[in-house]
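Undergrad:
Number of protein chains: 2
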Amino acid sequence: MNDLDDEIPEPADFGPLSGTVSYGIKRAYLRVIRDLEASLSPLGFTPPLLAALSIVAATPGIAPARLAAAMGHGRSRAAPLLDHLEGQGLLERRAGPDRRSIGLHATAQGRTALRRLKPVVAEHEARITASLSPAEAGALPVLLERLAPDNWAGRESS
Amino acid sequence: MNDLDDEIPEPADFGPLSGTVSYGIKRAYLRVIRDLEASLSPLGFTPPLLAALSIVAATPGIAPARLAAAMGHGRSRAAPLLDHLEGQGLLERRAGPDRRSIGLHATAQGRTALRRLKPVVAEHEARITASLSPAEAGALPVLLERLAPDNWAGRESS
DNA sequence: TATTGTTATACTCTATAACTATA
DNA sequence: TATAGTTATAGAGTATAACAATA
Chain A
7 MNDLDDEIPE
17 PADFGPLSGT
27 VSYGIKRAYL
37 RVIRDLEASL
47 SPLGFTPPLL
57 AALSIVAATP
67 GIAPARLAAA
77 MGHGRSRAAP
87 LLDHLEGQGL
97 LERRAGPDRR
107 SIGLHATAQG
117 RTALRRLKPV
127 VAEHEARITA
137 SLSPAEAGAL
147 PVLLERLAPD
157 NWAGRESS
Chain B
7 MNDLDDEIPE
17 PADFGPLSGT
27 VSYGIKRAYL
37 RVIRDLEASL
47 SPLGFTPPLL
57 AALSIVAATP
67 GIAPARLAAA
77 MGHGRSRAAP
87 LLDHLEGQGL
97 LERRAGPDRR
107 SIGLHATAQG
117 RTALRRLKPV
127 VAEHEARITA
137 SLSPAEAGAL
147 PVLLERLAPD
157 NWAGRESS
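So the sequences go chain by chain: A and B.
Mapped onto this note's numbering, the consecutive letters of the first sequence carry residue numbers 7 to 164.
Mapped onto this note's numbering, the consecutive letters of the second sequence carry residue numbers 7 to 164.
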C-alpha cells in the first residue's frame, strides 16, 4: 500500500522452528486433517471414527484398550468412539476371552460403510499428494513409518 | 495366553487408511507434538506460544491477523496467545500503520527467551529424527514443505 | 494386587459469529 | 461497506483420575 510496508523485513529465518521436521509435520497435519474431515463429514464420519472402524474390521476380536493403543491414545478414548459406532450398528461389542474383556467386531453394515468410504479416502489421498512426484509420494509413508512406527501390529511378547 | 489369541488375525491391511500419507502424518504429528510439549513445558512454553513468539521476533511489526494466518489459524486465535506473551513481557503491541492496526514486536526479554529455547528445540528435533538417516532427515522437511507450503512468507500481490 | 472397561472431569484447541473502532 | 482486533461461545479432542467387575 505505502512505504510502511518496507518496515516488515523479508522472510528469512524465524528462529528455533525454521525448517524443522517438527514444524513441517505440524503444517502437514493441519492440512491433511482438514481435508480428511471435509471429505468424511458428508458421510457422517470423522477421522477417528474411520480409524477405529477400519482397525476393528481388520482385526476382529480386538479389545478396546488395544484399539486405543493402536490409535495412539489412552484406554478411555475408546469408549465414546465405540458407543457412537455401535449406536449406528457398524460394530458390536461381544464377549472376549475373559469375562472382564470385550471383543470388537464390525457388522456387515460396518463393512459396507468401509467399502463406501474407501474411494473417498483414496481421493483425499490423491488430493494431498498432488504436489508430490510419484516417487516422493511413495517415499513419504516410508519416512513417516520410520519416524513414528505404527504400533497397531504391536503384538508384544504376550 | 491361550488359544483364543489365535482368533486375532495377523496384521495385514486395515482398510482405507493402511499405508496412507494421511495416517502416517497423523501418527508422526502425535509423536512430535507430545515430545515438543514435554520439552517446552518445564520452561513455561507451549508449541503455539513458541511459534507465535518466533514469528514475531523474525518479523517485527507483523499484524495479529497475519501472524494467525502464518500459523494456519483464524484471526481470533491470536488474541489469547498475544495476551499471554505480552503479560510475560516477551512481546509488545505497538501502533501499526493504521490507527486500527497493531504492530507486534518482541522485547529484549522475548529474544532472550528464544535464545534459551533454541537448544531445547534442537534436542527435540534430534530426538524425533534419531531413527532416520541424515539423508532422510534432510529430505523430510523438503517433502513436507511441498505437501503443505509454509504460508508465512505469504506476501500476496498487495 | 493388577487389569479391563467405563465414567467423570477438566483443560486445550479450534471455529464461528458478534462487537467496537477505524478506513 | 469493508477491515482490524477482540470477545464470547460452543464444540471437539485429549489426559487424568477414579470407579466397578474380574483375574
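Backbone N, C-alpha and C define an ideal beta-carbon position, used for all residues, glycine too.
Keep in mind that this is a model prediction, so the values were computed, not measured.
Measure the CB-CB distance between H111 (chain A) and R100 (chain A) and report whether it falls below 8 Å.
TA: yes
Undergrad: Tell me, to the nearest whole angstrom, how far the beta carbon of L120 (chain B) is from that of S60 (chain B); I am working on the premise that it is less than 8 Å.
TA: 6 Å
Undergrad: What three-state label does DSSP hand L96 (chain A) in the structure shown?
TA: coil
Undergrad: Quick one: which unbroken beta strand (DSSP E) runs of 3-plus residues sit fully inside the segment 42 to 122 of chain B? Chain order, please.
TA: 97 to 101, 108 to 112
Undergrad: Would you verify that the beta carbon of G80 (chain A) is, or is not, closer than 8 Å to some beta carbon of chain B?
TA: Using beta-carbon distances, G80 (chain A) does not count as an interface residue toward chain B, since no partner is under 8 Å.
Undergrad: Beta-carbon of L97 (chain A) versus every beta-carbon of chain B: anything under 8 Å?
TA: No, its Cβ sits nowhere closer than 8 Å to a Cβ of chain B.
Undergrad: Determine, using beta carbons only, whether L1 (chain B) and S24 (chain A) come nearer to each other than 8 Å.
TA: Beyond the ends of chain B as shown, which are 7 and 164, falls residue 1 (chain B); an answer cannot be given.
Undergrad: I need the boundaries of the alpha helix (DSSP H) containing P147 (chain B), first residue and last residue.
TA: 140 to 153
Undergrad: So is R106 (chain A) buried or exposed if we call it buried at 16+ other beta carbons inside 10 Å?
TA: exposed
Undergrad: Using beta-carbon positions only, say whether L91 (chain B) and L153 (chain A) come within less than 8 Å of one another.
TA: no
Undergrad: Looking at chain B, which residues of the segment 108 to 135 of chain A have a Cβ within less than 7 Å of any of its Cβ atoms?
TA: L120, L123, K124, V127, H130, E131, I134, T135
Undergrad: If you run the structure through DSSP and keep just helix, strand and coil, what is A136 (chain A)?
TA: coil
Undergrad: Please tell me whether G144 (chain A) and G109 (chain A) are closer than 8 Å, where the distance is taken between their beta carbons.
TA: no
Undergrad: The ligand COA and P147 (chain B): does any heavy atom of the ligand fall closer than 7 Å to the residue's C-beta?
TA: You won't find the ligand COA in this model; it holds no ligand whatsoever.
Undergrad: If you draw a straight line from the C-alpha of A128 (chain B) to the C-alpha of P147 (chain B), how long is it?
TA: 15 Å
Undergrad: Measure the alpha-carbon distance for P86 (chain B) versus L36 (chain B) and round it to whole angstroms.
TA: So the alpha carbons of these two residues sit roughly 24 Å apart.
Undergrad: Looking at G95 (chain B) and Q115 (chain B), is the spacing between their C-beta atoms short of 8 Å?
TA: yes
Undergrad: In chain A, which residues lie less than 7 Å from P48 (chain B) when you measure between Cβ atoms?
TA: Those do not exist, as P48 (chain B) stays about 16 Å from chain A at its closest Cβ, beyond 7 Å.
Undergrad: Check the Cβ of E151 (chain B) against every Cβ in chain A and list those closer than 7 Å, keeping chain order.
TA: G30
Undergrad: G30 (chain A) by DSSP, collapsed to three states: which one?
TA: helix
Undergrad: Could you give the distance in angstroms between the alpha-carbon of A69 (chain A) and the alpha-carbon of H79 (chain A)?
TA: 14 Å
Undergrad: Could you tell me whether any Cβ in chain A is nearer than 8 Å to the Cβ of L87 (chain B)?
TA: Taking CB atoms only, L87 (chain B) has no neighbour in chain A less than 8 Å away.
Undergrad: Assuming contact is defined by CB atoms lying nearer than 8 Å, are T113 (chain B) and E98 (chain B) in contact in what I supplied?
TA: yes
Undergrad: Identify each residue in the segment 138 to 149 of chain A for which the Cβ-Cβ distance to at least one residue of chain B is less than 8 Å, and report them in chain order.
TA: L138, E142, A143, A145, L146, P147, L149
Undergrad: Using a Cβ cut-off of 8 Å, pull out every chain A residue sitting near T26 (chain B), in sequence order please.
TA: V127, E131, P147
Undergrad: G52 (chain B) to P103 (chain B), Cα distance in whole Å?
TA: Correcting the residue identity first, residue 52 (chain B) is Thr in this sequence and not Gly. Computed Cα separation, rounded: 30 Å.
Undergrad: Counting contacts by CB-CB distance shorter than 8 Å, is L55 (chain B) in contact with chain A?
TA: no
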